[in-house]
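Only one structure is covered here, and it is reproduced in the block below.
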Amino acid sequence: MGDIFSWWGILSAVGVLTGIGITFGALLGMASVRFKGEENPLVEQIDALLPQTQCGQCGYPGCRPYAEAINQGDALNKCPPGGEATIHALADLLGREPVPLDGEAASEDSVAFIREAECIGCTKCIQACPVDAIIGAAKQMHTVIEDECTGCDLCVAPCPVDCIDMLPRSKPLNQWQPVVTIAPIIASDRQLTRSQHASL
Amino acid sequence: MNELFLILVSTALVNNFVLVQFLGLCPFMGVSNKLESALGMSLATTFVLTLASAASYVVYHGLLVPLDVTYLRTISFIVVIAAVVQFTEIMVRQLSPLLHQVLGIFLPLITTNCAVLGVALLSLNRELSFFHTTLYGLGAALGFSMILVLFAAMRERLANADIPTPFRGAAIAMVTASLMSLAFLGFSGLVQG
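Protein sequence lines correspond, in order, to chains A and B.
Each residue of the first sequence is one higher than the one before, counting from 1 in full-length UniProt numbering.
Each residue of the second sequence is one higher than the one before, counting from 1 in full-length UniProt numbering.
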């Protein structure tokens with residue numbers, strides 16, 4: 001190969017690269033056929049963590065489509081019925097950062113409350129509740145099991161007499177805080193104590 | 001036996017690819033946020049590095065030298081590395097879809113991890129035998145894995161530490177990395193040559 005330009009040099013270079021490419025391509029093709037797995041089992045795992053209420057509040061027509069969307073990179077915080085627990089479980093599974101719940105539900109952890117004197121016993125809220133947190137029978141007063149209620153507010157709209165309120169959830173017993181009162185000596189003290197309570 | 005041990009120690013500690021030769025910094029900063037993903041990444045990189053250094057030795061001495069086209073070594077090594085990475089990706093997706101999801105784009109990006117190409121090229125310069133080349137790759141991979149896992153563990157602690165606001169995030173990570181690098185320069189007296 002004395003001269004600067006040689007056909008043999010070019011041909012061998014092109015041949016070598018083509019050969020390497022074809023060989024490794026074939027090997028990879030064989031490997032991908034050999035090790036072909038089932039279609040994305042991660043979606044199944046995400047779907048198992050969602051509450052299966054199929055309420056559609058995430059903007060998808062059900063829990064399974066939302067699981068697929070999460071797998072594609074959608075946000076974890078669109079599931080009000082699941083609440084914090086679901087977000088944390090999903091963040092754990094996917095190795096992402098947990099984020100607070102999306103939308104107005106994030107502002108406070110609320111729970112449905114039926115003003116029982118006004119309830120006419122129509123059972124419409126019972127049918128709407130995705131987690132069976134409302135008990136009652138036809139023409140009987142209904143009430144909400146606070147521990148079961150996820151605060152999804154799906155029961156508010158169907159109520160014909162508007163007797164359902166969304167109230168802040170009362171703290172569980174293990175987080176109970178004693179109410180510290182400063183003994184009121186004079187009337188202005190009493191005022192101060194009340195405003196301190198409001199700021200707490 | 002002594003020589004093999006020397007190769008391992010000198011590539012893993014003394015000439016550590018990340019902290020002393022500054023190769024492969026992209027995954028070093030990118031995947032070190034969580035210890036779990038760092039472990040997965042270091043396993044994948046170990047696999048790729050060892051396999052790629054052996055395969056590129058075979059390609060170089062079996063194909064490029066006999067055909068007198070050694071000037072093609074960089075591009076052919078890249079092809080070899082890309083193929084090994086693709087193979088690793090197929091395996092990871094099969095074995096752990098979750099890890100595949102967590103590593104995300106950093107898994108195919110092992111192709112452009114310059115430590116991988118660096119090992120293949122540097123072991124050529126050193127004119128090592130096949131066995132020693134593989135060992136050299138393994139040593140480099142062990143060094144990389146150790147650094148990545150140590151750094152990820154440190155960053156997990158840093159995430160909860162009380163750091164002044166201007167230093168949070170990438171800034172404190174860079175400072176930590178440079179301090180680690182300083183510490184590893186201290187190994188340079190360990191092995192001569």
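Heads up, the beta-carbon is just placed ideally off N, CA and C, and yes, glycines get one too.
Computed from a prediction, not measured in an experiment: that's the story for all the values here.
Quick check: residue i and residue j, are their CB atoms within less than 8 Å of each other?
| i | j | result |
| --- | --- | --- |
| Leu-103 (chain B) | Val-31 (chain B) | yes |
| Thr-23 (chain A) | Gly-83 (chain A) | no |
| Thr-133 (chain B) | Tyr-57 (chain B) | yes |
| Leu-23 (chain B) | Glu-156 (chain B) | no |
| Val-85 (chain B) | Pro-108 (chain B) | yes |
| Cys-79 (chain A) | Lys-124 (chain A) | no |
| Phe-184 (chain B) | Leu-19 (chain B) | yes |
| Pro-130 (chain A) | Pro-81 (chain A) | yes |
| Leu-72 (chain B) | Leu-17 (chain A) | yes |
| Ala-69 (chain A) | Asp-47 (chain A) | no |
| Ser-42 (chain B) | Leu-128 (chain B) | no |
| Thr-11 (chain B) | Pro-27 (chain B) | no |
| Met-154 (chain B) | Thr-176 (chain B) | yes |
| Ser-110 (chain A) | Arg-34 (chain A) | no |
| Gln-52 (chain A) | Cys-152 (chain A) | no |
| Ile-126 (chain A) | Gly-136 (chain A) | yes |
| Leu-101 (chain A) | Ile-87 (chain A) | yes |
| Leu-67 (chain B) | Ser-6 (chain A) | no |
| Ser-53 (chain B) | Val-119 (chain B) | yes |
| Phe-87 (chain B) | Leu-28 (chain A) | yes |
| Leu-13 (chain B) | Gly-143 (chain B) | yes |
| Phe-17 (chain B) | Ala-159 (chain B) | no |
| Cys-55 (chain A) | Leu-154 (chain A) | yes |
| Tyr-60 (chain B) | Leu-124 (chain B) | yes |
| Ala-89 (chain A) | Ile-90 (chain B) | no |
So residue i contacts chain B; which residues on that side make the cut at Cβ distance below 8 Å?
| i | result |
| --- | --- |
| Gly-95 (chain A) | Lys-34, Glu-36, Ser-37, Leu-98, Gln-101, Val-102 |
| Val-99 (chain A) | Simply none; closest approach about 16 Å. |
| Leu-90 (chain A) | None at all; the shortest Cβ gap to chain B is about 12 Å. |
| Ile-70 (chain A) | None at all; the shortest Cβ gap to chain B is about 10 Å. |
| Ile-20 (chain A) | Val-59, Leu-63, Ser-76, Val-79, Val-80 |
| Phe-113 (chain A) | Neighbours of Phe-113 (chain A) on chain B: none; closest Cβ ~38 Å, over 8 Å. |
Pull the bridge partners of residue i from the DSSP assignment, please.
| i | result |
| --- | --- |
| Leu-179 (chain B) | Per DSSP, none; premise fails for Leu-179 (chain B). |
| Ile-164 (chain A) | A:Ile-114 |
| Ile-134 (chain A) | A:Val-144 |
Name, please, each residue of chain A whose Cβ falls closer than 7 Å to the Cβ of residue i.
| i | result |
| --- | --- |
| Leu-72 (chain B) | Ala-13, Val-16, Leu-17 |
| Ile-90 (chain B) | Ala-31, Ser-32, Phe-35 |
| Gln-21 (chain B) | Neighbours of Gln-21 (chain B) on chain A: none; closest Cβ ~27 Å, over 7 Å. |
| Phe-87 (chain B) | Leu-28, Ala-31 |
| Val-69 (chain B) | Ser-12, Ala-13, Val-16 |
| Ala-161 (chain B) | Within 7 Å Cβ-Cβ: nothing; Ala-161 (chain B) doesn't reach chain A, min ~17 Å. |
| Ala-173 (chain B) | Here the premise fails: no neighbours, minimum Cβ distance about 16 Å. |
| Ala-177 (chain B) | Per Cβ cutoff of 7 Å: no residues; Ala-177 (chain B) is ~22 Å from chain A at best. |
Could you work out which residues of chain B lie near residue i, taking near to mean beta carbons separated by less than 9 Å?
| i | result |
| --- | --- |
| Pro-130 (chain A) | Those within 9 Å of Pro-130 (chain A) in chain B number zero; the least Cβ separation is about 28 Å. |
| Leu-42 (chain A) | Pro-97, Leu-98, His-100, Gln-101 |
| Phe-5 (chain A) | In chain order: nothing, as chain B lies at least about 15 Å away. |
Give the residues of chain A in contact with residue i, contact being defined as C-beta atoms less than 8 Å apart.
| i | result |
| --- | --- |
| residue 194 (chain B) | Lying before the first or after the last residue shown, residue 194 (chain B) is absent from chain B, which here runs from 1 to 193. |
| Ala-153 (chain B) | Here the premise fails: no neighbours, minimum Cβ distance about 16 Å. |
| Ala-140 (chain B) | By Cβ distance, chain A contributes nothing, its closest Cβ being about 22 Å from Ala-140 (chain B), past 8 Å. |
| Ala-44 (chain B) | What Ala-44 (chain B) touches in chain A: nothing, since even the nearest Cβ is about 15 Å away. |
Note down, in chain order, every chain A residue with its Cβ under 9 Å from the Cβ of residue i.
| i | result |
| --- | --- |
| Ala-170 (chain B) | What Ala-170 (chain B) touches in chain A: nothing, since even the nearest Cβ is about 16 Å away. |
| Ala-115 (chain B) | Within 9 Å Cβ-Cβ: nothing; Ala-115 (chain B) doesn't reach chain A, min ~21 Å. |
| Ala-120 (chain B) | The contacting residues do not exist; Ala-120 (chain B) stays about 14 Å from chain A at best. |
| Ala-183 (chain B) | Simply none; closest approach about 29 Å. |
Exercise. Is the region 62-82 of chain B close to the region 67-81 of chain A, with three or more CB pairs under 8 Å?
Worked result: With a cut-off of 8 Å, the region 67-81 of chain A and the region 62-82 of chain B do not count as touching, because too few Cβ pairs lie within range.
Exercise. What alpha helix (DSSP H) runs, 4 residues minimum, are completely inside the region 95-144 of chain B?
Worked result: 97-103, 114-125
Exercise. With contact counted as at least three CB pairs below 8 Å, one residue from each stretch, are the region 3-23 of chain B and the region 131-151 of chain B in contact?
Worked result: yes
Problem set entry | Cβ contact check for the region 160-167 of chain A and the region 110-117 of chain A: 3 or more pairs under 8 Å | yes
For this session: May I ask you to verify whether the region 83-93 of chain A touches the region 42-58 of chain A, counting CB pairs closer than 8 Å and requiring at least 3?
Result: By the Cβ criterion, the region 83-93 of chain A is in contact with the region 42-58 of chain A, since at least three pairs of Cβ atoms, one from each stretch, lie closer than 8 Å.
Problem set entry | Uninterrupted alpha helix (DSSP H) stretches inside the UniProt domain "4Fe-4S" (38-96) of chain A (no shorter than 4 residues) | 42-49, 63-71, 83-94
For this session: Jot down the residue ranges of each uninterrupted alpha helix (DSSP H) in the region 6-33 of chain B, minimum 4 residues, whole runs only, in chain order.
Result: 25-30
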